[in-house]
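At position 193 of the sequence shown the residue is numbered 193 (UniProt numbering), and the sequence of numbers has no breaks.
Backbone N, C-alpha and C define an ideal beta-carbon position, used for all residues, glycine too.
Here the structure is a predicted model, which means the values were calculated and not measured.
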Amino acid sequence: MDYRDQVFIAVAEHLSFSKAAEDLNISQPAVTKHIKELENRYDINLFERKGNKIYLTRAGKKVYNAFKQIATQYRELDFEVSQMHDTVAGEFIIGASSTISQYVIPQVIASFHKRYPKIQIHLVNGNSFDMEKLLLNNQVDLALVENQGSQAGIGYQSFMNDELIVVTGANSVYGKRKTISKEDLMRFPIVLREQGSGTLEVIKKAFSGQSIPFDNLNTFIHLGSTESIKNFLLDFDGIAIISEKAALTELYMKSLVKLTVNDFTIPRTFRIAFKLGHKSRLVELFENFLCSYNF
Numbered sequence: 001m002d003y004r005d006q007v008f009i010a011v012a013e014h015l016s017f018s019k020a021a022e023d024l025n026i027s028q029p030a031v032t033k034h035i036k037e038l039e040n041r042y043d044i045n046l047f048e049r050k051g052n053k054i055y056l057t058r059a060g061k062k063v064y065n066a067f068k069q070i071a072t073q074y075r076e077l078d079f080e081v082s083q084m085h086d087t088v089a090g091e092f093i094i095g096a097s098s099t100i101s102q103y104v105i106p107q108v109i110a111s112f113h114k115r116y117p118k119i120q121i122h123l124v125n126g127n128s129f130d131m132e133k134l135l136l137n138n139q140v141d142l143a144l145v146e147n148q149g150s151q152a153g154i155g156y157q158s159f160m161n162d163e164l165i166v167v168t169g170a171n172s173v174y175g176k177r178k179t180i181s182k183e184d185l186m187r188f189p190i191v192l193r194e195q196g197s198g199t200l201e202v203i204k205k206a207f208s209g210q211s212i213p214f215d216n217l218n219t220f221i222h223l224g225s226t227e228s229i230k231n232f233l234l235d236f237d238g239i240a241i242i243s244e245k246a247a248l249t250e251l252y253m254k255s256l257v258k259l260t261v262n263d264f265t266i267p268r269t270f271r272i273a274f275k276l277g278h279k280s281r282l283v284e285l286f287e288n289f290l291c292s293y294n295f
């Protein structure tokens, strides 16, 4: 791709000339010059300024989507040519939910790298909803999500089972318990993930399926990551609902205690989310590796 095209993509994704300059390791005036040249090429504004922020114009969005498709084609070309040399090379971007990016996918990427050392993977993370937005905006090549919903234009494929469990701090007033009732679950102070979290969405659906009014929970606080919830529980007389895989170390070290809820479980599935339409062979290679991985 033309370097100006790459500069444009950086500005479009950061919506900031200064952040794009930092990312590309060039000066901000150089970024401005490249964008101006690109706008002169198409004889149209690609960005508009509103206050201190910039936004893509209608033309800018069209150019961005086209450039991202071209970038994907370049990566696929690199992959196909590398196969002709009996090597597999290329790069792609994975967007992963917080739980998956912290507790599941790092070991998979490490194993994948051992097998395909010339393939470069970039990993970004956030909540499931945000990762699906990045996928639809062509900012990641595939997303790994933990929610149960679906969005138009996205296909889904399961790759791993998980379970959400109720935990409490070992030193909390509930730390000596083994089991609790659904009524206890409603009554005890609880800390939950933030809105947009796939974990929170799964919890809401599980409660709805059991006719448990989610809005009546004794919610103390919403936190933005499972790590912050686990740390919060160490000095909190309350409970949380988190991924069992995220709590393995703490349960082993006995800093957290698992509480079984009578007649109530929350199973879930981690899924690959991909944009419907053309899928690069490089992404398919990783998907096949992930789906066959021995967790």
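Pick from the options that is closest to residue i, judged by C-alpha positions
i	options	result
residue 281	44, 55, 92	92
residue 225	240, 214, 216	240
residue 287	157, 182, 206, 276	157
residue 289	276, 54, 272, 70	272
residue 169	294, 189, 198	189
residue 134	274, 285, 279	274
residue 283	236, 55, 112	112
Supposed close pair residue i, residue j - CB separation, criterion 8 Å
i	j	result
residue 132	residue 265	With a Cβ gap of about 26 Å, residue 132 and residue 265 do not count as contacting.
residue 145	residue 97	5 Å
residue 18	residue 103	Not quite, the Cβ-Cβ distance comes to about 34 Å (not below 8 Å), so this is no contact.
residue 47	residue 57	6 Å
residue 191	residue 155	The pair is not a contact, with the Cβ atoms about 34 Å apart (cut-off 8 Å).
Buried/exposed call for residue i, threshold 16 Cβ in 10 Å
i	result
residue 3	exposed
residue 211	exposed
residue 325	Past the edges of the chain, shown from 1 to 295, lies residue 325, and the structure says nothing about it.
residue 127	buried
residue 150	exposed
residue 250	buried
residue 198	buried
Euclidean distance between Cα positions of residue i and residue j
i	j	result
residue 193	residue 204	11 Å
residue 64	residue 8	8 Å
residue 30	residue 69	25 Å
residue 40	residue 34	10 Å
residue 202	residue 216	17 Å
residue 263	residue 142	36 Å
residue 208	residue 99	23 Å
Those residues which DSSP pairs with residue i across a bridge
i	result
residue 162	268
residue 125	96
residue 273	143, 156
residue 3	Note: residue 3 sits in no beta bridge, so no partner.
residue 180	261
residue 240	167, 191
residue 53	50
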